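Enquirer:
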């Protein structure tokens, strides 16, 4: 049973380009969470999605960032017109039914903006 | 500001010693969890303690929760070099699975 799969693991973009990060949750999981982590810091919540719905996007910047979790296919975190401050590790986590508590994390996508 | 704050930020001990990490939070919670992160990797869930529990054990891990002080501690007994990692506490405000993470404790266990 594969875990949470994220790709790409590493992504390099120049300022102004777009970054697309993908996350396939664990089999049977319908809840996806995106977090951002700066070096030597904790994880900051960005967005929580269920299939085809954004449940909570309170941690996601209003501009340039968007997320989706379509009925078919992986969840995608999209960052348009990247800036150097977007350089970070982006982690996706999934969970099955609510109230179990535990999140299962992917290995992360490390974005470097030149 | 973050919901959870770990203390200390960094801890260096010898193999065989015990490691204690503390976490404080600000608001009422449904549960508190501890995660481990090896350098360059994703987070791995260690243990969950619910708001009506005071202590929980899992192998060499012992977690306590004091809701009156809004604090938790993670104790790793008989530490090993392989325990070297960052440890994060995370709080869930309700029965859903959205978690708020602290800044982490970076633990180094010297062989």
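Protein chains in written order, with my numbering: chain A, 48 to 161; chain B, 91 to 201. Ideal Cβ positions, reconstructed from N, Cα and C, are used throughout, including at glycine. Note that this is a predicted model, so its numbers are computed, not measured.
Count the C-beta pairs between the region 154–167 of chain B and the region 129–140 of chain A that are closer than 8 Å, then say yes if the count reaches three, no if not.
Expert: These segments do not touch.
Enquirer: Would you grab the beta carbon distance between residue 99 of chain B and residue 193 of chain B for me? Rounded to a whole angstrom, and I think it's under 8 Å.
Expert: Taking the second chain and counting its residues from 1, the one referred to as residue 99 of chain B is at position 9. Taking the second chain and counting its residues from 1, the one referred to as residue 193 of chain B is at position 103. Separation of the CB atoms of residue 99 of chain B and residue 193 of chain B is rounded to 7 Å, and the pair is thereby assigned contact status at 8 Å.
Enquirer: Around the Cβ of residue 107 of chain B, are there at least 16 other Cβ atoms within 10 angstroms (buried) or fewer (exposed)?
Expert: In the second chain, counting from the first residue as 1, residue 107 of chain B sits at position 17. Flag for residue 107 of chain B reads exposed.
Enquirer: Looking only at its own chain, which residues have a Cβ that is under 7 Å from the Cβ of residue 188 of chain B, when we skip the five neighbours before and after it?
Expert: As a first step, residue 188 of chain B is located in the second chain; it is residue number 98 there, counting from the start. Correct list, in chain order: 182.
Enquirer: Quick check on residue 131 of chain A: does DSSP put it in helix, strand or coil?
Expert: As a first step, residue 131 of chain A is located in the first chain; it is residue number 84 there, counting from the start. Helix.
Enquirer: Excluding the five sequence neighbours on either side, which residues of its own chain have a C-beta within less than 6 Å of the C-beta of residue 123 of chain B, listed in chain order?
Expert: Taking the second chain and counting its residues from 1, the one referred to as residue 123 of chain B is at position 33. Beyond the five residues adjoining it in sequence on each side, residue 123 of chain B comes within less than 6 Å, by CB distance, of 138, 180 in the same chain, given in chain order.
Enquirer: How many Å lie between residue 153 of chain B and residue 198 of chain B at the Cα?
Expert: Indexing the second chain from 1 puts residue 153 of chain B at position 63. Indexing the second chain from 1 puts residue 198 of chain B at position 108. Straight-line Cα distance between these residues: approximately 19 Å.
Enquirer: Going by DSSP, what residues sit across from residue 156 of chain B in a beta bridge?
Expert: Mapped onto the second chain, residue 156 of chain B falls at position 66. DSSP lists B/161 as partners of residue 156 of chain B.
Enquirer: Can a CB atom of chain B be found closer than 7 Å to the CB of residue 152 of chain A?
Expert: As a working note, residue 152 of chain A is residue 105 in the first chain. True, the Cβ-Cβ gap to chain B drops below 7 Å.
Enquirer: Closer than 9 Å between beta carbons: that is the criterion. Which residues of the region 122–135 of chain B meet it against chain A?
Expert: Those would be 123, 125, 127, 130, 131, 132, 133, 134, 135, in chain order.
Enquirer: Is the separation between the beta-carbon of residue 126 of chain A and that of residue 112 of chain A shorter than 7 Å?
Expert: Translated into positions along the first chain, residue 126 of chain A becomes position 79. Translated into positions along the first chain, residue 112 of chain A becomes position 65. Their beta carbons are under 7 Å apart, which means residue 126 of chain A touches residue 112 of chain A by this criterion.
Enquirer: Can you pull the chain A residues whose beta carbon is under 9 Å from the beta carbon of residue 217 of chain B, in chain order?
Expert: The structure shown does not extend to residue 217 of chain B, since chain B is modelled only from 91 through 201, so no value can be given for it.
Enquirer: So which of A/72, A/58, A/55, A/66 has the shortest CA-CA distance to residue 116 of chain A?
Expert: Looking up residue 116 of chain A in the first chain gives position 69. Closest option to residue 116 of chain A, Cα to Cα, is A/72.
Enquirer: Quick check on DSSP: helix, strand or coil for residue 3 of chain A?
Expert: Absent from the structure is residue 3 of chain A, since the part of chain A shown begins at 48 and ends at 161.
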